[in-house]
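**Student:** The working numbering numbers the first residue of the sequence shown as 1 and each following residue consecutively.
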Amino acid sequence: MFFKKRRDPSEEEVNLATIPSNRTFEKVNDSKPSKPQRAGWRRHMIWGVGYGLIVVLVAVALAIPIVIFRNDQDLDNLKITTEKELKVKQEENFVFYLFAWLEATWLSGCASDILIMAFPYVFRFVARYVNPAQQRYWRIFRTMRLPFVLIDKNKLLAVNWNKDPDSWGWDDTIDDVLHHVTFWGAFYLAEKIVMLYIRIHFHYRGNQGKNTQSKEMHIALVTLYEASVYLYPVGSSAFIAEDTAINQETPTKDISAAGAGDFLRQMGWGNKKTSAYFGIKSESKSHWMSHSGSYAIVERALADPKASAALASRIWKSLTSEGQEQLTAEDVAEVLGPYRREEALQHFKALDKNENKGIKLEEMVWTVIEAGRIRRDIYRGMASINHCINTADWIGVLFLALVMIFFILVLYVPTIKEIQQTVSVIALGLSFAVGRTIHKFVAGCVFVFFDHPYDIGDRVEVYNGGPPVTGIVVQESILYTVFQRLDNNAIVQLPNDRLNSLRIENITRSGANKEGRSFFINVKTPFATIMALRSELETFLKENNRDYQPALGLSVASIHEMNKMELRVSFTHKENWSNEMLRAKRSNKFMCTFVATIRKLKIQSPSGTALGDEARPSWQVVVAREEVEKKAADETRKAEDELLGGATVAGDDVNNSSSLQDGEAREELLKQKKAEKEQKEKEVEEEAFEKLTKVPVSQKKLVSTGSEVDTTGLRDGTGLRRRSGVSGEGRFYP
Numbered sequence: 001m002f003f004k005k006r007r008d009p010s011e012e013e014v015n016l017a018t019i020p021s022n023r024t025f026e027k028v029n030d031s032k033p034s035k036p037q038r039a040g041w042r043r044h045m046i047w048g049v050g051y052g053l054i055v056v057l058v059a060v061a062l063a064i065p066i067v068i069f070r071n072d073q074d075l076d077n078l079k080i081t082t083e084k085e086l087k088v089k090q091e092e093n094f095v096f097y098l099f100a101w102l103e104a105t106w107l108s109g110c111a112s113d114i115l116i117m118a119f120p121y122v123f124r125f126v127a128r129y130v131n132p133a134q135q136r137y138w139r140i141f142r143t144m145r146l147p148f149v150l151i152d153k154n155k156l157l158a159v160n161w162n163k164d165p166d167s168w169g170w171d172d173t174i175d176d177v178l179h180h181v182t183f184w185g186a187f188y189l190a191e192k193i194v195m196l197y198i199r200i201h202f203h204y205r206g207n208q209g210k211n212t213q214s215k216e217m218h219i220a221l222v223t224l225y226e227a228s229v230y231l232y233p234v235g236s237s238a239f240i241a242e243d244t245a246i247n248q249e250t251p252t253k254d255i256s257a258a259g260a261g262d263f264l265r266q267m268g269w270g271n272k273k274t275s276a277y278f279g280i281k282s283e284s285k286s287h288w289m290s291h292s293g294s295y296a297i298v299e300r301a302l303a304d305p306k307a308s309a310a311l312a313s314r315i316w317k318s319l320t321s322e323g324q325e326q327l328t329a330e331d332v333a334e335v336l337g338p339y340r341r342e343e344a345l346q347h348f349k350a351l352d353k354n355e356n357k358g359i360k361l362e363e364m365v366w367t368v369i370e371a372g373r374i375r376r377d378i379y380r381g382m383a384s385i386n387h388c389i390n391t392a393d394w395i396g397v398l399f400l401a402l403v404m405i406f407f408i409l410v411l412y413v414p415t416i417k418e419i420q421q422t423v424s425v426i427a428l429g430l431s432f433a434v435g436r437t438i439h440k441f442v443a444g445c446v447f448v449f450f451d452h453p454y455d456i457g458d459r460v461e462v463y464n465g466g467p468p469v470t471g472i473v474v475q476e477s478i479l480y481t482v483f484q485r486l487d488n489n490a491i492v493q494l495p496n497d498r499l500n501s502l503r504i505e506n507i508t509r510s511g512a513n514k515e516g517r518s519f520f521i522n523v524k525t526p527f528a529t530i531m532a533l534r535s536e537l538e539t540f541l542k543e544n545n546r547d548y549q550p551a552l553g554l555s556v557a558s559i560h561e562m563n564k565m566e567l568r569v570s571f572t573h574k575e576n577w578s579n580e581m582l583r584a585k586r587s588n589k590f591m592c593t594f595v596a597t598i599r600k601l602k603i604q605s606p607s608g609t610a611l612g613d614e615a616r617p618s619w620q621v622v623v624a625r626e627e628v629e630k631k632a633a634d635e636t637r638k639a640e641d642e643l644l645g646g647a648t649v650a651g652d653d654v655n656n657s658s659s660l661q662d663g664e665a666r667e668e669l670l671k672q673k674k675a676e677k678e679q680k681e682k683e684v685e686e687e688a689f690e691k692l693t694k695v696p697v698s699q700k701k702l703v704s705t706g707s708e709v710d711t712t713g714l715r716d717g718t719g720l721r722r723r724s725g726v727s728g729e730g731r732f733y734p
């Protein structure tokens with residue numbers, strides 16, 4: 001059981017100071033440092049002591065030869081009689097100055113290192129009061145520690161105190177080499193700055209939206225899982241199947257790693273207090289290293305679709321009111337309590353991306369499974385891009401090192417000068433040979449790091465002259481990208497320099513996608529029939545508002561050959577097309593309804609009903625002209641009688657059309673009825689035309705994280721929680 005049973009809040013006063021600091025309320029007026037702050041200071045103190053010990057020990061070790069040979073630094077004051085004694089004293093003199101140089105180098109490097117390490121914190125402190133928007137860049141200077149140390153004070157590191165300025169000695173050679181090293185260090189610093197810019201630009205700007213949504217979803221699931229376990233502890237009869245799926249061990253767990261963890265725990269290094277003391281954790285009650293903590297449980301569950309479905313089912317059933325089919329924001333607020341209402345609404349908003357005001361069981365399952373998939377794609381994408389950045393970084397460093405070595409060899413190796421022209425010709429020839437590869441590498445770097453058209457897991461459509469190829473991004477490298485096609489599941493590898501010149505549509509980044517269809521109907525189809533079609537489709541969208549947005553686009557696109565009219569209908573999904581199964585299912589659902597509506601309204605094709613069709617039968621008979629004329633006159637008379645049905649001639653008391661004789665009164669009444677009928681049809685057509693051409697009101701765009709998967713086997717579709725007031729349970733307070 002993860003949580004202890006707490007007393008009903010109605011029986012005791014709630015102390016706001018006991019609510020954790022990451023909740024809605026927190027105690028702010030506390031002069032005593034918190035446990036995370038104390039653990040952080042302890043971690044910095046341990047690191048500082050270790051750094052100081054290393055500096056002091058190395059400095060003392062280098063100072064020992066200096067102290068021993070300090071009296072031999074000046075050969076003029078020594079009484080030397082033989083050449084052998086002079087040679088020995090010169091060697092001792094060399095040892096003194098060598099270790100003096102090393103001591104100065106070590107102390108100078110440590111001083112520069114300390115100043116460079118302190119600069120980011122000074123920058124953060126100053127930026128906090130000058131320009132807080134630039135405060136976040138302080139971490140960049142922390143990564144520039146090594147390049148700055150390499151270029152600082154190098155020209156002062158090699159000095160021979162007792163040497164003729166006009167002569168060339170060993171220290172001049174070292175000084176010259178150090179100048180080249182300084183020059184190389186400056187380029188190394190510039191290369192690191194470029195790599196840092198690429199890394200920050202890519203991760204911050206490219207993944208900020210995904211990371212924020214994933215964190216919000218993860219925090220919501222952790223909080224709601226804690227509430228679910230509080231209401232129904234692990235092992236409850238209502239959630240035996242779900243708890244088994246959630247808490248099962250990962251099959252791919254390394255046995256040797258588990259054994260090492262057990263050994264460390266037996267030695268006392270794997271417990272929470274030891275980790276907190278050495279600063280590995282912020283505090284002893286933190287969840288980061290707890291295998292049975294709610295954070296770790298949710299993290300493991302999101303890695304497996306089965307466990308994700310079980311987690312979603314447990315949360316939904318335990319929080320939804322008994323007998324209800326939807327989880328609402330009020331249910332979450334009631335469970336978390338009145339002091340966490342704002343937090344409850346934020347968590348519900350993270351789950352209800354479609355703003356349906358209620359979440360069904362299968363929608364909850366799809367949402368959690370999709371959240372796990374997005375989280376895995378983020379990890380895979382970060383690993384892939386880090387590999388690309390590290391590859392580009394190492395190639396840049398290797399290029400700088402080769403250039404530096406080449407210039408040093410040219411200056412100090414006479415043989416290289418003799419064959420310099422030959423080497424230049426060979427290098428020029430190699431440049432033509434590897435020029436294509438270099439072009440691919442540079443184009444790939446620009447395409448991946450700066451263009452950034454897609455991420456791992458995105459659904460894209462690539463246009464290459466013919467029909468677009470739709471696929472999912474599986475792997476990304478500097479030189480190529482691997483896709484998995486959706487039509488045949490084939491793996492396709494395309495070079496990035498080729499993709500750089502193609503049109504790419506990223507469906508995943510497009511949010512809620514719109515789908516359109518065009519079709520032809522008879523040009524004589526009335527606008528009233530078109531409006532009836534639009535009304536039927538709008539009713540369908542409103543009834544299925546969990547799958548589609550209510551906005552429908554229906555317009556007359558064109559008229560072809562004066563005998564057929566092109567209509568274009570468009571509708572917007574409440575989901576993204578990343579899931580092909582979901583897209584195909586909902587698209588097919590709309591099209592089936594569309595076909596049924598056309599059949600219901602009897603909308604004709606451009607050529608009308610074909611001759612010989614059931615609605616337009618064809619016979620061949622031989623009749624006399626008089627019989628045809630008589631039948632036509634009878635049909636005309638019948639149509640006129642139907643039009644005049646119930647009407648009378650002014651002054652007559654006869655109420656049926658059969659009493660009307662052919663004459664001026666009948667003709668006048670017939671014209672009047674025809675005019676009224678035409679006027680009515682005209683008004684209906686004008687009203688339909690006005691509605692059809694009216695500009696629709698723009699609807700709010702919605703983006704969903706739902707994912708359609710098979711829900712076979714989900715038990716029950718109603719909640720289990722009893723509302724407060726029915727019994728003493730049903731609430732979860734922090």
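A virtual CB, placed ideally from N, CA and C, is assigned to each residue, including glycine.
Note that this is a predicted model, so its numbers are computed, not measured.
(1) In chain order, which alpha helix (DSSP H) runs of at least 4 residues are fully inside the stretch 389–465?
(2) Please state the DSSP three-state secondary structure of N506.
(3) On a CA-only basis, which of K306, R503, E191, I369 is nearest G466? Give me that one, please.
(4) Hey, how far is the Cα of A443 from the Cα of L402?
(5) What residues are listed by DSSP as bridge partners for V473?
(6) Select from I395, Y188, W316, I521 the residue whose C-alpha is nearest the C-alpha of L146.
(7) If we ignore side chains and look at the alpha-carbon of each, how far apart do E635 and G511 end up?
(8) Assign G516 to one of three DSSP states: helix, strand, or coil.
(9) Could you please give the first and the last residue of the uninterrupted beta strand (DSSP E) stretch that includes E566?
(10) Using 10 angstroms around the beta-carbon of S704, count the other beta-carbons present and answer buried if the total reaches 16, otherwise exposed.
(11) Ordered along the chain, which non-local residues of its own chain (more than five positions away) have a Cβ less than 6 Å from that of R509?
(12) Excluding five sequence neighbours on each side, which residues of the same chain lie with their C-beta closer than 8 Å to the C-beta of I736?
(13) Measure the alpha-carbon distance for H203 versus L302 and round it to whole angstroms.
(14) Can you give the Cα-Cα distance for E226 and S294, rounded to whole angstroms?
(15) Distance, Cα to Cα, R583 vs Y232?
(16) When the Cα atoms are used, what is the spatial distance from H44 to C110?
(17) Buried or exposed: where does C388 fall if 16 or more other Cβ atoms within 10 Å of its Cβ makes it buried?
(18) For Q493, which of helix, strand or coil comes out of DSSP?
(19) Quick check: the Cα distance between L537 and K682, rounded to an integer number of angstroms?
(20) Helix, strand or coil for I246, going by three-state DSSP, please let me know.
(21) Count the other CB atoms, across all protein chains shown, that sit within 10 Å of the CB of I438; report buried if there are 16 or more and exposed otherwise.
(22) Spatial neighbours of Q420 within its chain, please: C-beta separation below 8 Å, excluding the five flanking residues on both sides.
(23) In the DSSP assignment, find the beta strand (DSSP E) that holds V556 and state where it starts and stops.
(24) I believe V460 touches L221 by the beta-carbon criterion, under 8 Å. Please report the beta-carbon distance rounded to the nearest angstrom.
(25) On the three-state DSSP scale, how would you describe E742?
(26) Go to L302, then tell me how far its alpha helix (DSSP H) extends in each direction, as first and last residue.
(27) Classify Y379: buried if its beta carbon has 16 or more other beta carbons within 10 angstroms, exposed otherwise.
(28) What number of angstroms, rounded off, separates the C-alpha of Y412 from the C-alpha of W184?
(29) Can the beta-carbon of D393 be found closer than 8 Å to that of I456?
(30) Just tell me which of E476, E418, L428, T422 has its CA closest to the CA of C445.
(31) Taking contact to mean at least 3 C-beta pairs separated by less than 8 Å, is the stretch 423–431 in contact with the stretch 171–182?
(32) Assuming the contact rule is C-beta atoms closer than 8 Å, T320 and L311 should be a hit. Round their C-beta distance to whole Å, please.
(33) With DSSP as the reference, label E627 as helix, strand or coil.
(34) Report the rounded CA-to-CA distance for M117 versus H347, giving the unit in angstroms.
(35) Considering only the beta carbon of each residue, do D567 and I521 sit closer than 8 Å?
(36) So, is F571 buried or exposed, given that buried needs 16 or more other C-beta atoms within 10 angstroms?
**Tutor:** Once the coordinates are examined:
(1) Within the stretch 389–465, the complete alpha helix (DSSP H) segments of 4 residues or longer fall at 414–418, 420–433, 435–445, listed in chain order.
(2) Indexing the sequence shown from 1 puts residue 506 at position 506. Annotated three-state conformation of N506 is strand, per DSSP.
(3) Stepping through the sequence shown from its first residue, residue 466 is reached at position 466. Comparing C-alpha distances from G466 to each of K306, R503, E191, I369 shows the shortest one belongs to R503.
(4) Indexing the sequence shown from 1 puts residue 443 at position 443. Indexing the sequence shown from 1 puts residue 402 at position 402. Their Cα atoms are separated by approximately 22 Å.
(5) Taking the sequence shown and counting its residues from 1, the one referred to as residue 473 is at position 473. DSSP, once it has assigned bridges, lists F483 as partnering V473.
(6) Position 146 of the sequence shown, counted from the first residue, corresponds to residue 146. Y188 is the residue among I395, Y188, W316, I521 whose C-alpha sits nearest the C-alpha of L146.
(7) Reading the sequence shown from its first residue, position 635 is the one you call residue 635. Reading the sequence shown from its first residue, position 511 is the one you call residue 511. Near 60 Å, if we compare the C-alpha coordinates of G511 and E635.
(8) Taking the sequence shown and counting its residues from 1, one reaches residue 516 at position 516. It is a strand residue.
(9) Counting from 1 along the sequence shown, the entry for residue 566 is found at position 566. Residues 564–573.
(10) As a first step, residue 704 is located in the sequence shown; it is residue number 704 there, counting from the start. Note that S704 has pLDDT 38, beneath the 50 cutoff, so the model's placement of it is unreliable and no number is given.
(11) The sequence position of residue 509 within the sequence shown is 509, counting from 1. Cβ neighbours of R509 beyond the five flanking positions: none.
(12) The structure shown does not extend to residue 736, since the chain is modelled only from 1 to 734, so the question has no answer here.
(13) Taking the first residue of the sequence shown as position 1, residue 203 is located at position 203. Taking the first residue of the sequence shown as position 1, residue 302 is located at position 302. A direct Cα-Cα distance of roughly 22 Å separates H203 from L302.
(14) As a position in the sequence shown, residue 226 is number 226, starting the count at 1. As a position in the sequence shown, residue 294 is number 294, starting the count at 1. Each residue's alpha carbon lies about 7 Å from the other.
(15) In the sequence shown, counting from the first residue as 1, residue 583 sits at position 583. In the sequence shown, counting from the first residue as 1, residue 232 sits at position 232. Using only the alpha carbons, I get a separation of about 36 Å.
(16) By 1-based counting over the sequence shown, the position of residue 44 is 44. By 1-based counting over the sequence shown, the position of residue 110 is 110. Between H44 and C110, the alpha-carbon positions lie close to 18 Å from each other.
(17) Residue numbering aside, residue 388 sits at position 388 when the sequence shown is read from its first letter. Within a 10 Å sphere around the beta-carbon of C388 sit 16 or more other beta-carbons, which makes this residue buried.
(18) Sequence index remark: in the sequence shown, residue 493 carries index 493 (1-based). Three-state result, Q493: strand.
(19) Here the question's residue 537 lines up with position 537 in the sequence shown. Here the question's residue 682 lines up with position 682 in the sequence shown. In this model, L537 and K682 are separated by some 24 Å (Cα to Cα).
(20) For this step, residue 246 is matched to residue 246 along the sequence shown. In the three-state reduction of the DSSP assignment, I246 falls in the helix class.
(21) In the sequence shown, the residue the question calls residue 438 occupies position 438. Around the beta carbon of I438, a 10 Å sphere encloses fewer than 16 other beta carbons of the protein chains shown; the residue is thus reported as exposed.
(22) Numbered from 1 along the sequence shown, position 420 holds the residue referred to as residue 420. Sequence-distant Cβ neighbours of Q420 in its own chain, meaning closer than 8 Å and more than five residues away, are V410.
(23) On the sequence shown, residue 556 is found 556 positions in, with the first residue counted as 1. DSSP places V556 in the uninterrupted beta strand (DSSP E) bounded by 548–560.
(24) Sequence index remark: in the sequence shown, residue 460 carries index 460 (1-based). Sequence index remark: in the sequence shown, residue 221 carries index 221 (1-based). Their Cβ separation, rounded to whole angstroms, is 29 Å, which puts V460 and L221 out of contact at 8 Å.
(25) The requested residue 742 does not occur in the structure, where the chain is confined to residues 1 to 734.
(26) Here residue 302 refers to the residue found at position 302 of the sequence shown. From DSSP, the alpha helix (DSSP H) with L302 extends over 294–302.
(27) Looking up residue 379 in the sequence shown gives position 379. Its Cβ having fewer than 16 others within 10 Å, Y379 is exposed.
(28) For the purposes of this step, residue 412 is taken as the residue at position 412 of the sequence shown. For the purposes of this step, residue 184 is taken as the residue at position 184 of the sequence shown. The alpha-carbon atoms of Y412 and W184 are separated by roughly 17 Å.
(29) Here residue 393 is taken as the residue at index 393 of the sequence shown, counted from 1. Here residue 456 is taken as the residue at index 456 of the sequence shown, counted from 1. It is not a contact, given that the beta carbons lie outside the stated cut-off.
(30) Counted from its first residue, the sequence shown places residue 445 at position 445. Closest option to C445, Cα to Cα, is E476.
(31) Counting Cβ pairs under 8 Å, fewer than three are found: no touch.
(32) Against the sequence shown, residue 320 aligns to sequence position 320. Against the sequence shown, residue 311 aligns to sequence position 311. No, T320 and L311 are not in contact; Cβ-Cβ is about 15 Å, not under 8 Å.
(33) One-based indexing of the sequence shown puts residue 627 at position 627. Here E627 carries a helix assignment [DSSP, helix/strand/coil].
(34) Looking up residue 117 in the sequence shown gives position 117. Looking up residue 347 in the sequence shown gives position 347. Rounded to the nearest angstrom, the two C-alpha atoms are 40 Å apart.
(35) Taking the first residue of the sequence shown as 1, we reach residue 567 at position 567. Taking the first residue of the sequence shown as 1, we reach residue 521 at position 521. Here the sequence assigns Leu to residue 567, which means Asp is not the residue at that position. Contact: yes.
(36) Locating residue 571 in the sequence shown gives position 571, where the first residue counts as 1. By the neighbour-count definition (other C-beta atoms within 10 Å, threshold 16), F571 is a buried residue.
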